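All remarks here apply to the structure that follows.
Number of protein chains: 2
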Amino acid sequence: MEDNLLLLSNSQTHGMAMFEHARDALSDFLAGRHTLYFAPYAGSDYDGYTQTIKTALKPFGVTVIGLHTVTDLQQTLQAAEVLFVGGGNSFRLLKTLEQLDMLAPVRERVSRGELRYMGSSAGTNMACPTMRTTNDMPIVQPNSFASFNLIPFQINPHYQDPLPASTHMGETREERIREFLDENNVPVLGLREGSWLRKRGTQLHLDGLANARLFRRHTDPQEYTPGTDLSWLLTEKAIFDQKA
Amino acid sequence: MEDNLLLLSNSQTHGMAMFEHARDALSDFLAGRHTLYFAPYAGSDYDGYTQTIKTALKPFGVTVIGLHTVTDLQQTLQAAEVLFVGGGNSFRLLKTLEQLDMLAPVRERVSRGELRYMGSSAGTNMACPTMRTTNDMPIVQPNSFASFNLIPFQINPHYQDPLPASTHMGETREERIREFLDENNVPVLGLREGSWLRKRGTQLHLDGLANARLFRRHTDPQEYTPGTDLSWLLTEKAIFDQKA
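One line per chain: the protein sequences are S and L, in this order. According to this note's numbering, the residues represented by the first sequence are 46 to 289, in order. According to this note's numbering, the residues represented by the second sequence are 46 to 289, in order.
What follows is the structure, encoded as structure tokens:
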């Protein structure tokens, strides 16, 4: 079976209800599934966060179960059909995924097509080889920046264009991604809010409300419109820790 | 001898030449010193970065030497009178400081009052116990987030207030710092651009062009104006990895 991923830049877009901007994509992704396991580890209030997701996903006809409430996590991961990793702080999320020994079992079942993976924000970052293109503050220290590695390139969720009138001297998002490319020869897809990626086997599509911006070493950034087939990105080589 | 630190939020403020906003503070900090060693490791072009700093510090009458050009780094660190750690990417900086074995020797000589420490942006972040309050992207992985530990609290450089008209759904700076406080019981001083801290022994003062905003667990954020004596912050207890 082929793997099946839905990677959202964000769960909530300004002026809309949670997941409203991606309603059709979620309906399609969840079709025929009855139970979704939710990983709330990027947040600090697991119960409250799970309740929010439960309410937001009610229209999609799935039962939402917080992974933090199951009695045997490893057994659950082996039987689950859909995993949703929510947003929050990526460092807190990855540290917890390491402590719970979730990385290898999830990666294996997703790649065998047995477990569908949905992420938003930090959860989308986790689908990449590493968390090195997160926007989050390193509030805790995971052992390694290596994450689920379900796709061979990096995503920058909540991608933001520079504010033209800004007097702020800190780096723009684009400058941060260029710093990443100084140190790593790995494509980075800047997913603007409202957009998402859907992966099924060797097929990868961009969709949503906004263009995405692709950064590669020694190449001008490239804009892609919703609906673009980006399957070729799945065959790109990712080389970390190789200076430009 | 007492230690002597100048910790700038940023080296360049909008509409001003490099260091212009902090001219008097730099003159005072550098008084009587003739040679400044510059650590360019947060940047990618060491020579270019050193040249920029050389030009910017010319009016202060110090000779600037890039640490990457010295033949015996450890010997240089033992003899140096002033160290300036510049801004850029904090992860790249800390990884390099680890590889060069700079953390312990610098910490010891600064705390003995033999080596003056000046930082801007990432270099100011490095003066804290850890780099956990950086704004930078984790483009490379240091072994540990532990940094120079020259002060017992955390600084967030380039501190930014939320933009009132923003529709962006990513976390504001204040939200990120609150996430830090969920995981760590350590004060965080948000240093807005144009402001700095000066530490001499048990004395700590805030100065510059903007207020600073102090965040502590279970406490409302507090604003402090330039000129405020913050020496009491040096006696606060920092407890990392303690959930709220």
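Every residue, glycine too, gets a C-beta built ideally from N, C-alpha and C. Note that the coordinates shown come from a computational prediction; the quantities given were computed from them, not determined experimentally.
Helix, strand or coil at residue i [DSSP, three-state]
i	result
R54(L)	Sequence check: residue 54(L) is Ser here, not Arg. S54(L): coil per DSSP, three-state reduction.
K288(S)	coil
F225(S)	helix
G168(S)	helix
L152(S)	Residue identity differs from the one stated: residue 152(S) is Arg in this sequence, not Leu. If DSSP states are grouped into helix, strand and coil, R152(S) belongs with the helices.
Q144(L)	helix
T97(L)	helix
A29(L)	Residue 29(L) is absent from the model: chain L starts at 46 and stops at 289.
E219(L)	helix
R258(L)	strand
Q119(L)	helix
L249(S)	strand
D92(S)	helix
K244(L)	strand
P202(L)	strand
A62(L)	coil
L81(S)	strand
R137(S)	helix
L208(L)	coil
R279(S)	Per the sequence shown, residue 279(S) should be read as Leu rather than Arg. The answer is helix: DSSP assigns L279(S) an H, G or I state.
A125(L)	coil
D73(S)	helix
T178(S)	coil
L234(L)	strand
T108(S)	strand
Selection from the options that minimises the alpha carbon distance to residue i
i	options	result
F285(S)	G235(S), Y82(S), N194(S) and L75(S)	N194(S)
P266(S)	Y91(S), D206(S), E126(S) and E47(S)	D206(S)
G93(L)	E219(L), G77(L) and I110(L)	I110(L)
F260(L)	V233(L), M61(L) and L254(L)	V233(L)
F129(S)	L75(S), R221(S) and T217(S)	L75(S)
Y269(S)	V185(S), R237(S), D117(S) and A62(S)	R237(S)
L69(S)	G60(S), L81(S), L51(S) and P85(S)	A quick correction: the sequence has Asp, not Leu, at residue 69(S). When only C-alpha atoms are compared, the closest one is L51(S).
E224(L)	A124(S), E216(S) and V185(S)	V185(S)
F105(L)	A124(L), A84(L), Q120(L) and A67(L)	A67(L)
G131(L)	G168(L), S189(L) and A125(L)	G168(L)
Q125(S)	V231(S), A87(S), P150(S) and K103(S)	In the sequence on display, residue 125(S) carries Ala and not Gln. Of V231(S), A87(S), P150(S) and K103(S), the residue nearest in Cα terms is P150(S).
Y91(L)	T108(L), R221(L), R78(L) and L112(L)	L112(L)
Q287(S)	V231(S), P85(S), Y82(S) and R78(S)	V231(S)
E65(L)	K282(L), A283(L), A289(L) and L254(L)	L254(L)
R78(S)	A62(S), Y86(S), N49(S) and A84(S)	N49(S)
L139(S)	A87(S), S240(S) and K99(S)	A87(S)
S240(L)	R221(L), I222(L), Y204(L) and S211(L)	Y204(L)
Y82(S)	M61(S), Q120(S), M63(S) and A62(S)	Q120(S)
I200(L)	I222(L), M63(L) and K103(L)	I222(L)
M63(L)	P85(L), A84(L) and K103(L)	K103(L)
Distance between beta carbons of residue j and residue i, contact taken as under 8 Å
i	j	result
N229(S)	P202(S)	No, N229(S) and P202(S) are not in contact; Cβ-Cβ is about 18 Å, not under 8 Å.
S166(S)	S54(S)	7 Å
R258(L)	L226(L)	Actually they do not touch by this definition, with Cβ atoms about 13 Å apart.
H59(S)	M214(L)	6 Å
P183(S)	P209(L)	At roughly 27 Å, the Cβ-Cβ gap does not stay under 8 Å, so P183(S) and P209(L) are not in contact.
Beta-carbon gap between residue i and residue j smaller than 9 Å
i	j	result
T114(S)	T95(S)	yes
R157(S)	L122(S)	no
E47(L)	R245(L)	yes
L145(S)	L118(S)	yes
V127(L)	T97(L)	no
G235(S)	E219(S)	yes
T280(S)	P197(S)	yes
A101(S)	S72(S)	no
P187(L)	A283(L)	no
E143(S)	S189(S)	yes
Proximal chain B residues relative to residue i, where beta-carbon distance stays under 7 Å
i	result
V185(L)	No chain B is part of this structure, whose protein chains are labelled S and L.
(message) When you compare the stretch 153-172 of chain L with the stretch 186-201 of chain L, are there three or more beta-carbon pairs, one atom per stretch, that lie closer than 8 Å?
(response) yes
(message) Count Cβ pairs between the stretch 177-192 of chain L and the stretch 135-146 of chain L that sit closer than 8 Å; are there 3 or more?
(response) yes
(message) With three or more C-beta pairs closer than 8 Å as the rule, is the stretch 270-279 of chain L touching the stretch 244-253 of chain L?
(response) yes
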